[in-house]
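Novice: Sharing a structure here in structure tokens format.
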Amino acid sequence: MPDTRPYRCPSPDRTVWTVADLEALPDDGHRDEILHGEPLVTPLPSTGRQRIALRLTVVTELWCRAHTG
283 MPDTRPYRCP
293 SPDRTVWTVA
303 DLEALPDDGH
313 RDEILHGEPL
323 VTPLPSTGRQ
333 RIALRLTVVT
343 ELWCRAHTG
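Using this note's numbering, read the sequence shown as starting at 283 and increasing by one per residue.
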């Protein structure tokens, strides 16, 4: 299974990243974010993980509808 933990981009020449820096990054299939001025790159969740999240959402919603007035 691939490592899915967020990792930091090497940026020795920068101390604070901006939205403009983020928008200049290529669309490579990863989720790019800025946290406290530093870039973070996270791989997108797998299709299987997204299906499980959707199923849990549906089951939770159905349970809530059945158990609330």
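From the three backbone atoms N, C-alpha and C, an ideal C-beta is built for every residue, glycine too.
If you're wondering where the values come from, they're calculated on a predicted model, not measured in any experiment.
Which same chain residues end up closer than 6 Å to Glu315 when comparing Cβ atoms and leaving out the 5 residues on each side of it in sequence?
Specialist: Counting only Cβ-Cβ distances below 6 Å, and skipping sequence neighbours, we find Leu322.
Novice: Once the 5 residues before and after His312 are set aside, which same chain residues still bring their CB inside 8 Å of it?
Specialist: Excluding positions up to five away in sequence, the list reads Val323, Thr324, Pro325 and Leu326.
Novice: Looking at the unbroken beta strand (DSSP E) that takes in Leu317, where does it start and where does it end?
Specialist: Residues His312 to Leu317.
Novice: Looking at the secondary structure, which residues open and close the alpha helix (DSSP H) in which Val340 lies?
Specialist: Run containing Val340: Thr329 to His349, per the alpha helix (DSSP H) assignment.
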